[in-house]
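Undergrad: Mind looking over this structure? Questions follow.
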Amino acid sequence: MSIISILQDSPSLFIAFIIIIGLMVGSFLNVVIYRLPLMIKKSWLHQCAELRGESFELQPIFNLISPRSACIHCGHTVNALENIPIISYIVLRGRCSQCHAHISLQYPAVEAITALLSGFVAWFYGFSIIALAALIFVWALIALAVIDLNTQLLPDDITLPLLWIGLIVNMNNVFTTIDSAVIGAVLGYLSLWFIYWSFKLMTGKEGMGYGDFKLLSAIGAWLGWSMLPLVILFSSFVGAIVGIGLIIACKLKKNIPMPFGPYLVAGGLIALFWGENLNHTYLKLF
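What follows is the structure in structure tokens.
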């Protein structure tokens, strides 16, 4: 029997396999989360130097593949045994093997969350093309949420491909019809664009960034226009609860900006797994 046949015939084995894949993908997402914002910053600096007519010194190659991962404190190159998801962090007790500097808990957290959500996708959708598509969607959302938390950026390098992939996936009516996906992409962008400009005209302040528009547009392209009210409702509700909690517990100042992307991601995940049932319940009640 082939591996595909074995995974197809054994749901538990398929879930375990996807969890392991999720751990490895989570390790790669950590690279994306750390390096992509730096790559964008370097690109901006290069473009600014060109516009000013200044020379720009050639920098060492820095992308998602090169150079190899290293300690940000001492430069120690991380070897294969030190790069095993979660296990290496536990064995090293969260510290660099050379300089013993603290390693951020974000790394094992991202790996664990990616593995758990990947396993949930495998259990929820089973062995199917829908599960594969959902995994791509979930992995991209995880990267966007953490990048936004760290830098308040939602890179076009992720949001725009995610949007187009969603439209391509739904050409075969995987999560919704292509008509609903196209309308969802348009309404997702315009709805937050309208809120943004309404808030700015009333207060003179920017309430969110354009990356949020593109993220909701991508979610609409994947899940369809009917899921957008649900995503906005849950993201706003979770955002309000967390914001109020931080103000009370951490004495966070009200004028400190907070990223909205993670809450959109939370709303998107809720809509992915339970959106149809929630919409059906809402329509049945009202």
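So the sequence shown is residues 48 to 333, counted in my numbering.
Glycine included, C-beta positions come from ideal geometry on N, C-alpha and C.
Quantities reported herein were computed from a predicted structural model and do not represent experimental measurements.
(1) Given a threshold of 16 other Cβ atoms within 10 Å of its Cβ, counted over all protein chains shown, does P58 qualify as buried or as exposed?
(2) Thinking just about the alpha-carbon of each residue, which of V185, A178, I80, L128 is nearest to the one in I317?
(3) Since H120 sits in a beta bridge, which residues does DSSP pair it with?
(4) Which partner residues of R142 appear in the DSSP bridge assignment?
(5) At the level of alpha carbons, what is the spacing between E158 and K247?
(6) In this structure, how does DSSP classify L262 when only helix, strand and coil are distinguished?
(7) In this structure, how does DSSP classify S57 when only helix, strand and coil are distinguished?
(8) Do Y236 and K252 have their CB atoms nearer than 9 Å?
(9) Enumerate, from N- to C-terminal direction, the unbroken alpha helix (DSSP H) stretches of 4 or more residues contained entirely within the region 218 to 261.
(10) Please report the residue range of the alpha helix (DSSP H) in which F320 lies.
(11) Residues in the same chain with beta-carbon distance under 7 Å from D204, minus the five sequence neighbours each way, listed in chain order, please.
(12) Flag this pair as yes or no: are the beta carbons of L319 and L270 separated by less than 9 Å?
(13) Tell me the residue span of the alpha helix (DSSP H) that contains G213.
(14) Output needed for L182: all residues of its chain with C-beta closer than 7 Å, excluding positions within five of it in sequence on either side, in chain order.
(15) Does the distance from the C-beta atom of I230 to that of W170 stay below 9 Å?
(16) Taking the alpha-carbon positions, what's the M56 to T206 distance?
(17) Cβ atoms of L275 and L214: under 9 Å apart, would you say?
TA: Quick look at the numbers:
(1) Position 11 of the sequence shown, counted from the start, is the residue given in the question as residue 58. Counting other Cβ atoms within 10 Å of its Cβ, P58 stays below 16 and is therefore classed as exposed.
(2) Here the question's residue 317 lines up with position 270 in the sequence shown. Per the Cα distances, V185.
(3) Residue 120 sits at position 73 when you count from the first residue of the sequence shown. When beta bridges are read from the DSSP output, H120 appears opposite no residue.
(4) For the purposes of this step, residue 142 is identified with residue 95 of the sequence shown, where counting begins at 1. DSSP output for R142 lists H149 as bridge partner(s).
(5) Counting from one through the sequence shown, the residue named residue 158 turns up at place 111. Counting from one through the sequence shown, the residue named residue 247 turns up at place 200. In a straight line, the C-alpha of E158 is about 38 Å away from that of K247.
(6) In the sequence shown, counting from the first residue as 1, residue 262 sits at position 215. Collapsing the DSSP output to three states places L262 in a helix.
(7) Position 10 of the sequence shown, counted from the start, is the residue given in the question as residue 57. DSSP, read as helix, strand or coil, puts S57 in coil.
(8) As a working note, residue 236 is residue 189 in the sequence shown. As a working note, residue 252 is residue 205 in the sequence shown. Contact: no.
(9) Within the region 218 to 261, complete alpha helix (DSSP H) segments of at least 4 residues are found at 225 to 250, given in chain order.
(10) Counting from one through the sequence shown, the residue named residue 320 turns up at place 273. Its alpha helix (DSSP H) spans residues 308 to 332.
(11) As a position in the sequence shown, residue 204 is number 157, starting the count at 1. Answer for D204: L83, listed in chain order.
(12) Mapped onto the sequence shown, residue 319 falls at position 272. Mapped onto the sequence shown, residue 270 falls at position 223. Against a cut-off of 9 Å, the Cβ pair of L270 and L319 comes out as a contact.
(13) On the sequence shown, position 166 is the one that residue 213 refers to. Where G213 is concerned, the enclosing alpha helix (DSSP H) stretches over 203 to 216.
(14) Position 135 of the sequence shown, counted from the first residue, corresponds to residue 182. Same-chain partners within the cutoff: S165, V168.
(15) One-based indexing of the sequence shown puts residue 230 at position 183. One-based indexing of the sequence shown puts residue 170 at position 123. Not a contact, by the Cβ cut-off of 9 Å.
(16) Translated into positions along the sequence shown, residue 56 becomes position 9. Translated into positions along the sequence shown, residue 206 becomes position 159. Before going further, note that residue 56 is Asp rather than Met in the sequence given. About 35 Å.
(17) Position 167 of the sequence shown, counted from the start, is the residue given in the question as residue 214. Position 228 of the sequence shown, counted from the start, is the residue given in the question as residue 275. Going by C-beta atoms, L214 is not nearer than 9 Å to L275.
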